[in-house]
């Protein structure tokens, strides 16, 4: 079936709508088909149209949404059936695996693109990374290289906003490599699924927020703050302060020269301190918590667990429901709370 | 009441039925969230993102849903014609839609929290 035949058949089933609305729907679906054909040069018009749900089921869905008439989700059933048919045919015809309309979305991107350059005078760097992996290294100037397969209208933007260097990367950017010189006070990185790996100059702080990406930062003489939903977090170097939060990711903080505050639900936590007077606050639901103190440190230790085991210097407590002080001391304090995780302080 | 063990083949069907019931509102939430995240976006790109995120959504669900969301004043749409290429219909959130999304998002978080509290087996809840 050709595009025009498909659209005409659909229009004929949308007569419960105003003429203007029908025309608008025709234009929109035509735009959709054109886009699919432009992205997928190896498919004929008929093949692209064959991957659409049948006009009758699209019309039924418009009727349900626009007139409030509840109909069984016929389109989804029909579509799933149609899709299954394509899938099976494809599996027969292509031994290398099957493709379907949805694969078209995933694997048809434009040509590889690259954007690089450098910026002067930034005291802060603000990166909106979406799906791109971000790698940050020390360098002489603030220079960047961005790679991906974007269309022109979704190209990444880079520029100075006062003393802030801003990077806004679209969905089609795969990678940002950034070199950061001394004198940049802080980096802020916001990403959805991309991983972030950073080794920063002395004195540069970093704040990262990520949904599913892993975050690995090496910071010295400055603060590191990381929040993720499912990604793992690793903070190393010699941060003056470390803060990390995650829902299901593991968190590790190494060589911390100041206070560390970490919280996760199901991930495990490991914190090692490099100075005697630093404090740690750690909270988990089911994750285990391990705290390694600096040599010679004798902080106050408070722990609270509902069902986990506790091990601390000079004692081993293994009774559910323990809440209290394991050791008096100071400077520095270690406070650990968990529901079912084990606690170890060494 | 005596239980009975249904054949395993019924399981897929039961899951499909449940998902069919829960899916409609969830797709609406995701669609509005997708528009919010993008700022402005056209149907094809939206579908691309929803599918890439793992949602089972087709043209037959998305476009009628978008039409309703415009009619309800959650979204506004405008055609744009580039110098080269075909015209695209771009959607963006209205003020009303933005507030609506924030409210239903909050509601789903509370629902999820309720579920988590109900099934939590680790023992007494922590009181802080």
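Protein chains in written order, with my numbering: chain H, 185 to 530; chain Y, 18 to 145.
Here a beta-carbon is modelled for each residue, glycine too, at the ideal position from N, C-alpha and C.
Being a predicted model, the structure only gives us computed values, none of them experimental.
Opening and closing residue of the beta strand (DSSP E) in which residue i lies
i	result
residue 456 of chain H	453-457
residue 297 of chain H	297-303
residue 100 of chain Y	Careful: residue 100 of chain Y lies outside any beta strand (DSSP E) and carries neither H nor E.
residue 486 of chain H	484-489
residue 439 of chain H	435-440
Any C-beta of chain H under 9 Å from that of residue i
i	result
residue 105 of chain Y	yes
residue 82 of chain Y	yes
residue 76 of chain Y	yes
residue 99 of chain Y	yes
residue 132 of chain Y	no
residue 90 of chain Y	no
residue 35 of chain Y	no
CA nearest to the CA of residue i, picked from the options
i	options	result
residue 394 of chain H	H:438, H:301, H:359, H:317	H:317
residue 485 of chain H	H:359, H:408, H:313, H:466	H:466
residue 439 of chain H	H:404, H:414, H:469, H:413	H:404
residue 230 of chain H	H:366, H:217, H:430	H:217
residue 460 of chain H	H:430, H:514, H:445	H:514
residue 50 of chain Y	Y:35, Y:76, Y:38, Y:125	Y:125
residue 309 of chain H	H:334, H:350, H:300, H:328	H:350
residue 463 of chain H	H:422, H:519, H:417, H:434	H:519
residue 48 of chain Y	Y:36, Y:26, Y:95, Y:84	Y:84
residue 450 of chain H	H:435, H:441, H:443, H:444	H:435
residue 251 of chain H	H:199, H:345, H:417	H:199
residue 314 of chain H	Y:61, Y:66, Y:88	Y:66
residue 95 of chain Y	H:211, H:345, H:417	H:211
residue 366 of chain H	H:385, H:244, H:415	H:385
residue 431 of chain H	H:305, H:360, H:416	H:416
residue 488 of chain H	H:508, H:496, H:497, H:478	H:508
residue 327 of chain H	H:358, H:319, H:364	H:364
Between the CA atoms of residue j and residue i - distance to the nearest angstrom
i	j	result
residue 270 of chain H	residue 235 of chain H	Unreliable placement is indicated for residue 270 of chain H, whose pLDDT of 36 sits below 50; no coordinate value is reported for it.
residue 249 of chain H	residue 68 of chain Y	21 Å
residue 111 of chain Y	residue 92 of chain Y	5 Å
residue 30 of chain Y	residue 390 of chain H	49 Å
residue 113 of chain Y	residue 296 of chain H	39 Å
residue 412 of chain H	residue 80 of chain Y	33 Å
residue 373 of chain H	residue 447 of chain H	20 Å
residue 528 of chain H	residue 458 of chain H	17 Å
residue 419 of chain H	residue 118 of chain Y	34 Å
residue 301 of chain H	residue 356 of chain H	19 Å
residue 187 of chain H	residue 339 of chain H	30 Å
residue 72 of chain Y	residue 238 of chain H	20 Å
residue 41 of chain Y	residue 32 of chain Y	15 Å
residue 34 of chain Y	residue 454 of chain H	43 Å
residue 347 of chain H	residue 401 of chain H	23 Å
residue 444 of chain H	residue 429 of chain H	11 Å
residue 324 of chain H	residue 63 of chain Y	40 Å
residue 76 of chain Y	residue 208 of chain H	15 Å
residue 246 of chain H	residue 121 of chain Y	23 Å
residue 102 of chain Y	residue 127 of chain Y	45 Å
Cut-off 6 Å between Cβ atoms - residues of its own chain near residue i, not counting five sequence neighbours on either side
i	result
residue 98 of chain Y	104
residue 456 of chain H	438, 476
residue 273 of chain H	Confidence is the limiting factor: at residue 273 of chain H the pLDDT is only 34, short of 50, which leaves the residue's position unreliable, though a coordinate-based value still follows. Nothing meets the Cβ criterion.
residue 379 of chain H	317, 397, 398
residue 312 of chain H	352, 374
residue 441 of chain H	422, 424, 458, 459
residue 409 of chain H	391, 427
residue 329 of chain H	300, 361
residue 206 of chain H	195, 198
Terminal residues of the alpha helix (DSSP H) in which residue i lies
i	result
residue 50 of chain Y	27-55
residue 117 of chain Y	112-136
residue 216 of chain H	203-223
residue 230 of chain H	229-234
residue 241 of chain H	239-251
residue 4 of chain Y	The first residue shown for chain Y is 18 and the last is 145, placing residue 4 of chain Y beyond what the model contains.
residue 344 of chain H	From DSSP, residue 344 of chain H is part of no alpha helix (DSSP H) but of the beta strand (DSSP E) over 341-345.
Close Cβ partners of residue i (< 7 Å) along its chain, the five nearest in sequence each way excluded
i	result
residue 232 of chain H	217, 220, 221, 224
residue 526 of chain H	472, 492, 493
residue 277 of chain H	Its pLDDT being 35, under 50, residue 277 of chain H is placed unreliably by the model, and the measurement read from it follows with that caveat. No residues qualify anywhere along the chain.
residue 516 of chain H	460, 461, 462, 463, 481, 483
residue 407 of chain H	389, 423, 424, 425
residue 190 of chain H	233, 236, 239
residue 264 of chain H	Caution is warranted here: a pLDDT of 39 is assigned to residue 264 of chain H, below 50, making its placement in the model unreliable, and no coordinate value can be reported.
Any non-hydrogen atom of the ligand GTP within 8 Å of residue i CB
i	result
residue 107 of chain Y	The model on display carries no ligand, and the ligand GTP is accordingly not part of it.
CB contact below 9 Å: residue i versus chain Y
i	result
residue 250 of chain H	yes
residue 219 of chain H	yes
residue 245 of chain H	yes
residue 230 of chain H	no
residue 212 of chain H	yes
residue 215 of chain H	yes
Neighbourhood of residue i by C-beta distance below 8 Å, restricted to the same chain and skipping five residues each side
i	result
residue 28 of chain Y	none
residue 115 of chain Y	53
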